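Peer 1:
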Amino acid sequence: MRKLLPFCFLILGFYLLKAQETFPVNGSHDKRPKKYAFVNATIVAKAGQRAEKGTLLVNDKLIEAVNGDQKVPPGYITIDLEGKYIYPSLIDAFSTYGVPESKEGRSFGRAPQVLTSTKNGAYGWNEAIRPETRAVDAFTGDTKEAEQLKKIGFGAVQTVLEDGIARGSSALVSLLGAEDNEAVLVADVGAHYSFDKGSAKTSYPSSLMGSIALLRQTYYDAQWYGQQQEEYNMSLEAFNKWQNLPQFFEVNDVLDVLRADKIAKEFSKQYVIKTGGNDYQRIKEIKATGASLIVPLNFPKAYDVDDPYEADKLSLAQLKHWELAPANPSFLEKAAVPFALTASGLDNIRSFWPNLRKAIQFGLSEETALRSLTEIPAQLLGVSDKIGTLEKGKLANFIITSDSLFKEGNIIYENWIQGEKFIANNVSTGDIRGEYATAIEGYGDAKLVIGGKSGKYEAHISTLKDTAQTKVNINVDGDLLTMSFNPKGTKSSFRISAYVTNEKPVQLKGDLSKMDGDVSPWSATYSGAYVAKPKKQVKNKSLDLGKVIYPFTAFGHEESPTATTVLLKNATVWTNESAGILQGADVLLVDGKIKGVGKGLSAAGAKVIDATGKHVTAGIIDEHSHIAISRGINEGTQSVTSEVRIADIINSEDVNIYRQLAGGVTTSHILHGSANAIGGQSQLIKLRWGKAPEELKFGGSDGFIKFALGENVKQSNWGEAAKIRFPQTRMGVEQVYVDAFTRAKEYKVNINKKDGKTRRDLELDALVEILDKKRFITCHSYVQSEINMLMHVADSLGFKINTFTHILEGYKLADRMAARSIAGATFADWWAYKMEVQEAIPYNAYLMEKQGVVTAINSDDAEMARRLNQEAAKVIKYGGLSEEEAWKLVTLNPAKMLHVDNRVGSIKVGKDADVVVWSDNPLSIYAKAEKTFVDGVKYWDGEEDEKVRSSQKKEKARLIAKLIEEKGKGSTTQKAVEKPTIVYHCETLLEENNDDFNHNQ
């Protein structure tokens, strides 16, 4: 022990005397070389490269040599690491170490808008775009946090300011613990982005689609900025500056990974994406991105489900994610997706190793685990020449461990960073487990057995005359140990203070103290190896994992259904064509298309369904829906937001897709809300339950956009809080349209010059598409005067209105609509729910239809969409349409409005096989959709639904039982909290973009 003291003081002296090159030294300069030779260690220089009895030479901050037979050159301090391991220090590729936490900004809602930046300086207009920010400028080393990270093996981290959509640059910093400027390894190591506006005070964006549009526009603005000399913009200057750095994007959900990658592809970028840890839920799509990921280990805690009422709050998705989250790294490894692991997001940093070992237990290989914490983060950060492996010339960042790094019970003894030692745990002289012969006065000749795990020892003692064992309390600190025990059957007690000698065999020597205060020399000699009692092999039930389902929510399937050849026999077929309603007819579905309609059809290998007594129709088409979107239906912070796109935020995991299939809906037109005069671009989708967002989109369909009139647009119900955003009157609404299309016309002329002088404007691009008849308007409307106004504006400025939706006063001007070929989608019998619908009548749809207006009944409501067949039937009562005419209100007519009647809306050979089998006349309140086909794939089946419900009920019971068992093992639990469910309508103004509405968290 005494021999070690000078060595310890020497190292301490080197540490204290360390100085930076440009800093003055108070005292004598000391630049003695710090050279160390670590010998006889098992050296894992990188994953898959291991050397036994190896030697690591360190010269000052750098590694001089790594090999198995290196002779120690003169001048090196030799440290014998017999029985120990050396690994590269870990790298965290995503951390907020040493930088301030982000503060949440203001919400939108019914509050005064902040339209442009409140910051002083030559910044961009939106505070969420802050690329001029550098993490290195805000960095201050945190000694306490650094020690916590070093204790678990980290030597360097990428530190990120988690604030804003364009977040500026990150820094790569060492956890050395020296002055801040010495800790900085790379001042600007990466450029960072997110969908979270952070602390920005500007109202825009208030939705996920707004965040995406803002970032896309910033890319285009930056391209333009780099080619012009007229304007100085600090934000765009910095944005361009960071484009040559590695690009990082933080998201919190698997669908956001796909959204971020879509932006990357548009601008020829490749993001490294920090994920939310549920990537396994869309692993095929994740792999297809080609992106590298940074994956957290913040697995959800077990839920406390002892109370059945509390357990009932949990969704199937929440339960399954709890079980499957630890397997996320394993899923990625098996799919060959490159990823780094991060400690980011852990409630307690001490959970890092237990969670990492849990991931290994769930299938992650140790080799990939090591690579994901060393080589891969170094590669992602572009610093493989500095850190990540143990090689000559790299920084001397390495850890010394008691055993294989990932082995249960392994201890990290030391973490050397840039050649400086940090003691994580006191180093023992070796593994002292074994049997020892000793003699104790007053007790007799005895056998001392030291077992347990290296560093976490357990011991017992027994006399040679008696096999009864007495527990020994043991504590080991380096080469010192203390023990105490009370022999069974006596009132005696003994205390031993000893040290481990270097003799062979090993001896323990020290003093023994008795109860009476007598102290005498004591020793014990190693006599044999410790043999642990074999543990009974118990199957680990935690690895009996359920299957991933698509989508990852209730009613999801383990395997996506596929199209088969189907023959529907002897049905009443509502063709919506000149043939009318056919009795006892057949419909043949082949390769996603309607192959035949008639009697006596046959097809080899077809699945024949007896539809006797059933009715077969085309699938229902909902012209106005707000289902299947993520985090905000309105970007109402500005009067014109034609740059935002519903296509960017399609949510494939929305259970309303499944529910509406059960109501016979096969196609939905997903619209922006009605908070502004010119809203966002809409998206037509097919309800392909289980498919990823891009696969839901109705390919080849025309683009549409949402306009709005009325109370919502001028914020008439917002009170005094909203008197900033123009317009505030109906006159102002008209001016918004005139101004927008006037600007669009000028923009079209300038952008077509292709001289590079005109800035690409996504807002105006969409309006130019309207002028060019490539995008079509669906306008939220109620009152006759406003509808007249917009028709006149359209006439004067040369654009066309495609559809007035809602239009409860359509009956007043149906003739004018018909003259302009404007369609009308309305409610069957909604009225009197606000002032501007006071003159609505239930005969509205009938009167528009009879005036030659292509008329449809829409839902604007997730619940109503499940019974649009009944809504159509109401028009028979209110006006007297025929059954065939009424049925077209929710099938062929909306197909015509959406320009897809060549594909859907009727039962006709060659059209898409979007078909519903009804139990009764589809206009009857007793009719049920028994089977719903989309592109010939059966996505809804009433009988199969019963089986799915039964199966998933059992699955929930299994998971709840597993949670109860987990709590019984002493695992930390969390309260069962019901996941919030958002149902959107036109006027929904909740701001959710700053919240993590992860679909399974």
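Under our numbering, the residues of the sequence shown are numbered 1207 to 2207, in order. Ideal Cβ positions, reconstructed from N, Cα and C, are used throughout, including at glycine. Remember, predicted model here, so these are calculated numbers, not experimental data.
#1: For Ile1618, which residues of its own chain have a beta-carbon under 6 Å away from its beta-carbon, when the five flanking residues on both sides are left out?
#2: Just to confirm before moving on: does the CB-CB distance between Lys1447 and Phe1505 stay below 8 Å?
#3: Quick one: grab the DSSP three-state call for Asn2008.
#4: Please classify Pro2236: does DSSP put it in a helix, a strand, or coil?
#5: Pull up the distance between the alpha-carbon of Gln1364 and that of Thr1302, whole angstroms please.
#6: Assuming Ile1891 and Ile1856 form a contact by the criterion Cβ under 8 Å, report the distance between their Cβ atoms to the nearest whole angstrom.
#7: Take the Cβ of Ala1824 as the centre, count every other Cβ of all protein chains shown within 10 Å, and call the residue buried at 16 or more, exposed below.
#8: Tell me, please, whether the region 1438–1454 touches the region 1322–1339 by the rule of three or more beta-carbon pairs shorter than 8 Å.
#9: Is Ala1782 near Ala2068, with beta carbons less than 8 Å apart?
#10: Quick check: the Cα distance between Gly1648 and Glu1614, rounded to an integer number of angstroms?
#11: Keeping to the same chain, check which residues put their C-beta closer than 6 Å to that of Ala1247; ignore five residues upstream and five downstream.
#12: Between Ile1297, Lys2114, His1986, which lies nearest to Ile1623 when the distance is taken from Cα to Cα?
#13: Using a 10 Å radius around the Cβ and a threshold of 16 neighbouring Cβ atoms, would you call Met1415 buried or exposed?
#14: Is the Cβ-Cβ distance between Leu2074 and Ser2065 less than 8 Å?
#15: Taking DSSP as the reference, what is the three-state secondary structure of His1830?
#16: Give me, in chain order, the residues of the same chain whose beta-carbon lies closer than 7 Å to that of Arg1865; leave out the 5 immediate sequence neighbours on both sides.
#17: Quick one: what does DSSP say Met1689 is sitting in, helix, strand or coil?
#18: Should Ser1441 be labelled buried (16 or more other beta-carbon atoms within 10 Å of its own) or exposed?
#19: Can you give the beta carbon distance from Val2122 to Gly1870, rounded, assuming they're within the 8 Å contact cut?
#20: Helix, strand or coil, according to DSSP, for Arg1203 in the structure here?
#21: Would you mind stating whether Ser1409 and Thr1843 have Cβ atoms separated by less than 8 Å?
#22: Between which two residues does the alpha helix (DSSP H) containing Gly2148 stretch?
#23: Rounded to the nearest angstrom, what separates His1398 and Glu1368 at their Cα positions?
#24: What did DSSP end up calling Asp2021 once you bin it into helix, strand or coil?
#25: Taking only the alpha-carbon atoms, compute the straight-line gap between Phe1213 and Leu1268 and give it to the nearest angstrom.
#26: What three-state label does DSSP hand Phe1545 in the structure shown?
#27: So what's Pro1239 in DSSP terms, helix, strand or just coil?
#28: Could you tell me whether the region 1670–1679 touches the region 1761–1776, using the rule of 3 or more Cβ pairs below 8 Å?
#29: Roughly how many angstroms separate the alpha carbons of Gln1435 and Ala1428, rounded to a whole number?
#30: In the DSSP assignment, what are the bridge partners of Ile1605?
#31: In angstroms with no decimal places, state the Cα-to-Cα distance between Val1779 and Asn2099.
#32: Please classify Ser1412 as buried or exposed, where buried requires at least 16 neighbouring CB atoms within 10 angstroms.
#33: Compute the Euclidean distance between the alpha carbons of Gln1354 and Ser1376, then round it to the nearest angstrom.
#34: Short of 7 Å in beta carbon distance, which residues of its chain neighbour Glu1940, apart from the five on each side in sequence? Order them along the chain.
#35: Verify whether the separation of the beta carbon atoms of Asn1534 and Gly1496 is less than 8 Å.
#36: How about Arg1340 and Asp1386: are their beta carbons less than 8 Å apart?
Peer 2: Quick look at the numbers:
#1: Here the set comprises Gly1359, Ile1605, Thr1607, Ala1630.
#2: No, they are not a contact pair.
#3: In the structure shown, Asn2008 adopts extended strand secondary structure according to DSSP, grouped into three states.
#4: Here the chain covers residues 1207 to 2207 and nothing more, so residue 2236 does not appear.
#5: Gln1364 and Thr1302 have their C-alpha atoms roughly 8 Å apart.
#6: About 7 Å separates the two Cβ atoms, so the contact holds.
#7: Within a 10 Å sphere around the beta-carbon of Ala1824 sit 16 or more other beta-carbons, which makes this residue buried.
#8: In short, these stretches touch, since the Cβ pair count reaches three.
#9: According to the sequence shown, residue 1782 is Asn rather than Ala. Not a contact, by the Cβ cut-off of 8 Å.
#10: Roughly 39 Å between the two C-alpha positions.
#11: Same-chain partners within the cutoff: Gly1260, Leu1287, Lys1290, Ile1292.
#12: For Ile1623, the closest alpha carbon among the candidates Ile1297, Lys2114, His1986 is that of Ile1297.
#13: Flag for Met1415 reads buried.
#14: With contacts defined as CB atoms closer than 8 Å, Leu2074 and Ser2065 qualify as a contacting pair.
#15: Reduced to three states, the DSSP call for His1830 is strand.
#16: If we look at Arg1865 and ignore the five residues flanking it on each side, its Cβ neighbours are Arg2072.
#17: If DSSP states are grouped into helix, strand and coil, Met1689 belongs with the strands.
#18: Ser1441 is buried by the Cβ-count criterion.
#19: Contact between Val2122 and Gly1870 holds: their C-beta atoms lie close to 4 Å from each other, under 8 Å.
#20: Residue 1203 cannot be examined here, being either before or after the span of the chain that is shown, 1207 to 2207.
#21: Their beta carbons are under 8 Å apart, which means Ser1409 touches Thr1843 by this criterion.
#22: Here the alpha helix (DSSP H) through Gly2148 covers 2148–2174.
#23: Distance from the CA of His1398 to the CA of Glu1368, rounded to the nearest whole angstrom, comes to 9 Å.
#24: Helix, per DSSP.
#25: Bear in mind that a pLDDT of 35 at Phe1213, under 50, signals an unreliable position, so the number given afterwards is only what the model happens to contain. Phe1213 and Leu1268 have their C-alpha atoms spaced approximately 21 Å apart.
#26: Strand.
#27: In the structure shown, Pro1239 sits in coil (DSSP, three-state: anything other than H, G, I, E or B).
#28: The region 1670–1679 vs the region 1761–1776: no contact.
#29: Spanning the two alpha carbons is a distance of roughly 13 Å.
#30: According to DSSP, residue pairing for Ile1605 in a beta bridge involves Tyr1293, Asn1621.
#31: Whole-angstrom Cα-Cα distance: 18 Å.
#32: Residue environment analysis places Ser1412 among the buried positions, since at least 16 neighbouring C-beta atoms fall within 10 angstroms of its C-beta.
#33: So the alpha carbons of these two residues sit roughly 21 Å apart.
#34: Sequence-distant Cβ neighbours of Glu1940 in its own chain, meaning closer than 7 Å and more than five residues away, are Met1995, Val1999.
#35: Cβ distance not < 8 Å, so Asn1534 and Gly1496 don't count as in contact.
#36: No, Cβ-Cβ distance for Arg1340 and Asp1386 is not below 8 Å.
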